[in-house]
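Okay, structure first, notes after.
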């Protein structure tokens with residue numbers, strides 16, 4: 001009887017729901033890390049396998065467009081690959097936080113690393129987005145012509161790969177907020 005009263009007192013003071021909320025945030029953190037990892041992996045694979053060849057006058061003379069022709073796209077693939085690897089490795093700490101909800105130092109470490117990885121994927125996605133914009137619209141002032149009228153498949157794939165990368169940026173923002181809330185609840 002006395003144990004039930006103690007448990008009821010703890011529930012009324014908010015200790016049990018707080019631990020449950022921390023565990024819920026940790027589980028959400030784990031799921032979001034998997035989601036961001038899939039998004040960055042899909043972006044890297046989509047961009048890294050993008051190529052298109054167009055015949056010019058004959059079948060022997062062809063124009064080609066490949067992702068590695070542009071350094072911004074190479075940076076995009078490398079950055080998304082690095083961030084995907086980080087997200088896979090960070091799942092270990094995320095599982096640790098599910099089991100041990102009171103860990104603070106490892107959460108602070110994750111916040112710092114998440115900010116660094118978010119910065120990397122944001123820089124890569126932004127650099128690639130600038131090139132994609134030029135590919136779609138060109139720049140008449142610099143005499144750069146839009147190539148997407150000829151290379152439709154190439155442009156669709158590079159545009160699609162940007163979507164996954166920007167989704168990962170948004171997920172990183174949510175992950176950082178979740179980690180900050182978890183640390184502040186200590």
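Residue numbers (the UniProt record's numbering): 1 to 186.
Here a beta-carbon is modelled for each residue, glycine too, at the ideal position from N, C-alpha and C.
A quick note: this is a predicted structure, and the numbers were derived from the prediction, not measured.
CB contact flag (residue i, residue j, <8 Å)
i           : j           : result
residue 72  : residue 131 : yes
residue 97  : residue 106 : yes
residue 164 : residue 40  : yes
residue 122 : residue 169 : yes
residue 183 : residue 108 : yes
residue 82  : residue 120 : yes
residue 80  : residue 142 : no
residue 87  : residue 37  : yes
Residue nearest to residue i in terms of C-alpha spacing, selected from the options
i           : options               : result
residue 69  : 84, 146, 118 and 51   : 51
residue 47  : 177, 160, 179 and 102 : 160
residue 153 : 174, 34, 65 and 91    : 65
residue 133 : 141, 147 and 143      : 147
residue 114 : 20, 22 and 29         : 29
residue 45  : 67, 118, 149 and 104  : 67
residue 24  : 99, 74, 157 and 136   : 99
residue 74  : 49, 150 and 20        : 49
residue 171 : 21, 84, 20 and 22     : 84
residue 136 : 156, 20 and 27        : 156
residue 162 : 22, 185, 149 and 126  : 126
Cβ distance (whole Å) where residue i is taken to contact residue j below 8 Å
i          : j           : result
residue 76 : residue 128 : 4 Å
residue 92 : residue 180 : About 20 Å separates the two Cβ atoms, so there is no contact after all.
### Query
Counting pairs of beta carbons, one from the region 171–180 and one from the region 23–40, are three or more of them closer than 8 Å?
Verdict: yes, contact present.
### Task
Mind listing, in chain order, the continuous beta strand (DSSP E) runs of no fewer than 3 residues lying wholly within the region 34–103?
51–55 and 62–66
### alpha helix (DSSP H) segments (min. 4 residues) lying fully within the region 101–174
105–137
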